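Going by the numbering used here, the sequence shown opens with residue 3, and the numbers climb by one from there. In what follows, a structure is listed as structure tokens, so that the remarks can point back to it.
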Amino acid sequence: MKRLKIHQVKVLIIALLFCLPGFCLSQSADTVYTDSLKADSAKIALVISSADTAKTSEKKSEDKNLIEKMVQDDEVTSKLSDVFSPAKIIWAIIFLAISFFVIKFIIKILSLISEKSTRYRLTLKGLIPIVRILAWTASLSIVIIVIFAPPIESLVVVTGSLGIAVGFASQDILKNIFGGIMIIFDRTFQVGDKVAIGEHYGEVLNIGLRSTRIVTADDSVVSVPNGDLISKAVSNSNSGETNCQVVAEFYLPPYIDTAKARDIAIQAAQVSRYVYLNKPITVIFINEVHHGKPFLKMRLKAYVLDIRYEFAFMSDMTESTIKELVRNELVTKEELAGEFKDR
Numbered sequence: 003m004k005r006l007k008i009h010q011v012k013v014l015i016i017a018l019l020f021c022l023p024g025f026c027l028s029q030s031a032d033t034v035y036t037d038s039l040k041a042d043s044a045k046i047a048l049v050i051s052s053a054d055t056a057k058t059s060e061k062k063s064e065d066k067n068l069i070e071k072m073v074q075d076d077e078v079t080s081k082l083s084d085v086f087s088p089a090k091i092i093w094a095i096i097f098l099a100i101s102f103f104v105i106k107f108i109i110k111i112l113s114l115i116s117e118k119s120t121r122y123r124l125t126l127k128g129l130i131p132i133v134r135i136l137a138w139t140a141s142l143s144i145v146i147i148v149i150f151a152p153p154i155e156s157l158v159v160v161t162g163s164l165g166i167a168v169g170f171a172s173q174d175i176l177k178n179i180f181g182g183i184m185i186i187f188d189r190t191f192q193v194g195d196k197v198a199i200g201e202h203y204g205e206v207l208n209i210g211l212r213s214t215r216i217v218t219a220d221d222s223v224v225s226v227p228n229g230d231l232i233s234k235a236v237s238n239s240n241s242g243e244t245n246c247q248v249v250a251e252f253y254l255p256p257y258i259d260t261a262k263a264r265d266i267a268i269q270a271a272q273v274s275r276y277v278y279l280n281k282p283i284t285v286i287f288i289n290e291v292h293h294g295k296p297f298l299k300m301r302l303k304a305y306v307l308d309i310r311y312e313f314a315f316m317s318d319m320t321e322s323t324i325k326e327l328v329r330n331e332l333v334t335k336e337e338l339a340g341e342f343k344d345r
């Protein structure tokens, strides 16, 4: 019995010796695993804390930028309010209204003086568009620089922005405006000239910034955009002078005595009250065929004293020439009607 107990004790001791290293290893592994978890948790907490700190800093930066932007907007609004105050706007409107009537009065005076002076009529009328442009430019400059008086930086920025916006929004209008300025300063024609533009022929009544108006022989006023004028062929009859050449055409039988016909035509031009005798009177004969019938076209060229009497002078020369040709039996009424017979 005693031996059995000793044997059991030995077995128990051996078992403990075998289990003790495993238990110790298990305890060591659990300690390492626990320490690893604690380290990972600390790292995660540090990352989360860093992220929260970054978000907080970013939010503070955004709030600061927003506040600065609001302050800047308030400053801009305050500056604009100072520049475009109600009092300044009222003064600008009053000044522009006064400028409108003053410019209109000056233009009216120049027009009246030009109409009373035949010699200087075209010169004075040519000054009217230039005076109008310069006067309005000066008026607008005074309104912007003196009345509103914006800061130079703001003026440059606003002018540039408006220029770009207006340039894209109104290309045709700007084309016509620049066309009008080119016509005025290039002197292609001026107010009072007789010009042919396409199918229209008449006296230039006004050269505006957007269009040019001409009055035709039947007193119709035609407006032509300036943008079209700078790209079209324009025929000027007098180029700034009061006199211009007038041509009267006659269709005569081919067998007429051209020497006598020439003398009659020249005399008819010379006796007209509208003739300008400081320039030559010429007669040209041209053989032509119409509907298989030959005829002789006579062109009588003379200069009228004033371009406003152009058509009256043409009618005067035509009537006098036909009357003398018939009276001298160089042509008959039937031949003047185009019924030519062999003689």
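Just so it is clear, CB atoms sit at the ideal spot from N, CA and C, and this is done for glycine as well. On a predicted model such as this, the values are computed, not experimentally measured, just so you know.
Requested in this report: Tell me whether the beta-carbon of Asn-178 lies closer than 8 Å to the beta-carbon of Gly-128.
Outcome: Here residue 178 refers to the residue found at position 176 when the sequence shown is read from its first residue. Here residue 128 refers to the residue found at position 126 when the sequence shown is read from its first residue. Taking 8 Å as the Cβ cut-off, Asn-178 and Gly-128 do not qualify as a contacting pair.
Query raised in the report: Taking the alpha carbon of Tyr-257 as the point to measure from, which residue in Ile-144, Glu-117, Val-333, Ser-101 has its own alpha carbon closest?
Result: To locate residue 257, count along the sequence shown from 1; it is residue 255. Selected option, being the one with the closest Cα: Val-333.
Report task. Please report how far the alpha carbon of Glu-321 lies from the alpha carbon of Arg-134, in whole angstroms. Result -> Position 319 of the sequence shown, counted from the start, is the residue given in the question as residue 321. Position 132 of the sequence shown, counted from the start, is the residue given in the question as residue 134. Going from the Cα of Glu-321 to the Cα of Arg-134 covers about 43 Å.
Query - Endpoints, the alpha helix (DSSP H) within which Ile-199 is located - result: Along the sequence shown, one-based indexing puts residue 199 at 197. That residue, Ile-199, is in no alpha helix (DSSP H); its beta strand (DSSP E) goes 196-199.
Query raised in the report: Ordered along the chain, which non-local residues of its own chain (more than five positions away) have a Cβ less than 7 Å from that of Leu-327?
Result: On the sequence shown, residue 327 is found 325 positions in, with the first residue counted as 1. Closer than 7 Å at Cβ, skipping near neighbours: Ala-263, Ile-266, Val-333.
Requested in this report: Report all residues from its chain with a CB closer than 6 Å to the CB of Asn-280; omit the five preceding and five following residues, and keep chain order.
Outcome: To locate residue 280, count along the sequence shown from 1; it is residue 278. Within the same chain, Asn-280 has no close Cβ partners at all.
Query raised in the report: Run through DSSP, which three-state label would Ser-400 get?
Result: Nothing can be reported for residue 400: it is not among the residues displayed for the chain, which extend from 3 to 345.
Query raised in the report: Residues in its own chain within less than 8 Å of Ala-31 by CB, not counting five upstream and five downstream?
Result: Position 29 of the sequence shown, counted from the start, is the residue given in the question as residue 31. Note that Ala-31 scores 45 on pLDDT, short of 50, meaning its location in the model is unreliable and no value can be drawn from it.
Requested in this report: Determine the closest residue to Gly-194 out of Ile-144, Pro-227, Thr-214, Pro-88, with distance taken between C-alpha atoms.
Outcome: Locating residue 194 in the sequence shown gives position 192, counting from the first residue. Looking at the Cα atoms, Thr-214 is the closest of the given residues.
Query raised in the report: How about Ile-216 and Gly-200: are their beta carbons less than 8 Å apart?
Result: Taking the sequence shown and counting its residues from 1, the one referred to as residue 216 is at position 214. Taking the sequence shown and counting its residues from 1, the one referred to as residue 200 is at position 198. It is not a contact, given that the beta carbons lie outside the stated cut-off.
Query raised in the report: When you compare each of Leu-307, Arg-301, Ala-270, Ala-89 to Val-277 by their alpha carbons, which one comes out closest?
Result: Counted from its first residue, the sequence shown places residue 277 at position 275. Checked all of Leu-307, Arg-301, Ala-270, Ala-89; the closest Cα to Val-277 is Leu-307.
Report task. Report the residue from Ile-130, Leu-124, Glu-312, Leu-98 whose alpha carbon sits nearest the alpha carbon of Ile-111. Result -> For the purposes of this step, residue 111 is identified with residue 109 of the sequence shown, where counting begins at 1. Comparing Cα-Cα distances from Ile-111 to each of Ile-130, Leu-124, Glu-312, Leu-98, the minimum goes to Ile-130.
Report task. Answer with buried or exposed for Asp-220, where buried requires no fewer than 16 other C-beta atoms within 10 angstroms of its C-beta. Result -> Taking the sequence shown and counting its residues from 1, the one referred to as residue 220 is at position 218. Label assigned to Asp-220: exposed.
Query raised in the report: Looking only at its own chain, which residues have a Cβ that is under 8 Å from the Cβ of Phe-97, when we skip the five neighbours before and after it?
Result: If you number the sequence shown from 1, residue 97 lands on position 95. Taken in chain order, the residues that qualify are Ser-141, Ile-144, Val-145, Ile-149.
Query raised in the report: Residues in its own chain within less than 8 Å of Val-223 by CB, not counting five upstream and five downstream?
Result: Locating residue 223 in the sequence shown gives position 221, counting from the first residue. Hits under 8 Å: Leu-207, Arg-215, Ile-216, Val-217.
Query raised in the report: What number of angstroms, rounded off, separates the C-alpha of Gly-242 from the C-alpha of Asn-289?
Result: Taking the sequence shown and counting its residues from 1, the one referred to as residue 242 is at position 240. Taking the sequence shown and counting its residues from 1, the one referred to as residue 289 is at position 287. In a straight line, the C-alpha of Gly-242 is about 34 Å away from that of Asn-289.
Query raised in the report: What did DSSP end up calling Ser-250 once you bin it into helix, strand or coil?
Result: Position 248 of the sequence shown holds residue 250. Sequence check: residue 250 is Ala here, not Ser. The answer is strand: DSSP assigns Ala-250 an E or B state.
Query - Assigned secondary structure, Pro-131 (DSSP; H/G/I helix, E/B strand, else coil) - result: The residue you call residue 131 lines up with position 129 of the sequence shown. Note: Pro-131 maps to helix in three-state DSSP.
Report task. Buried or exposed for Gly-294, please, with buried defined as at least 16 other CB atoms from any protein chain shown within 10 angstroms of its CB. Result -> Translated into the one-based positions of the sequence shown, residue 294 becomes position 292. Answer is exposed; the Cβ neighbour count stays below 16.
Query - Three-way DSSP call (helix, strand, coil) for Leu-207 in this model - result: Counting from one through the sequence shown, the residue named residue 207 turns up at place 205. Residue state, collapsed to three classes: strand.
Query - Cβ-Cβ distance between Val-226 and Thr-190 below 8 Å - result: The count along the sequence shown starts at 1 and reaches residue 226 at position 224. The count along the sequence shown starts at 1 and reaches residue 190 at position 188. No.
Query raised in the report: Can you give the Cα-Cα distance for Ser-259 and Thr-323, rounded to whole angstroms?
Result: Stepping through the sequence shown from its first residue, residue 259 is reached at position 257. Stepping through the sequence shown from its first residue, residue 323 is reached at position 321. The residue you asked about is not Ser; residue 259 is Asp in the sequence shown. Their Cα atoms are separated by approximately 14 Å.
Report task. Return yes when the Cβ of Leu-136 is within less than 8 Å of the Cβ of Gly-182, no when it is not. Result -> Position 180 of the sequence shown, counted from the first residue, corresponds to residue 182. Position 134 of the sequence shown, counted from the first residue, corresponds to residue 136. Not closer than 8 Å, so no.
Query raised in the report: According to DSSP, is Glu-336 helix, strand or coil?
Result: As a working mapping, residue 336 is identified with position 334 in the sequence shown. Helix.
Query - Buried versus exposed call for Ile-286 [16 or more other C-beta atoms within 10 Å across all chains shown] - result: Position 284 of the sequence shown, counting from 1, holds the residue named residue 286. When all chains shown are included, Ile-286 counts as exposed.
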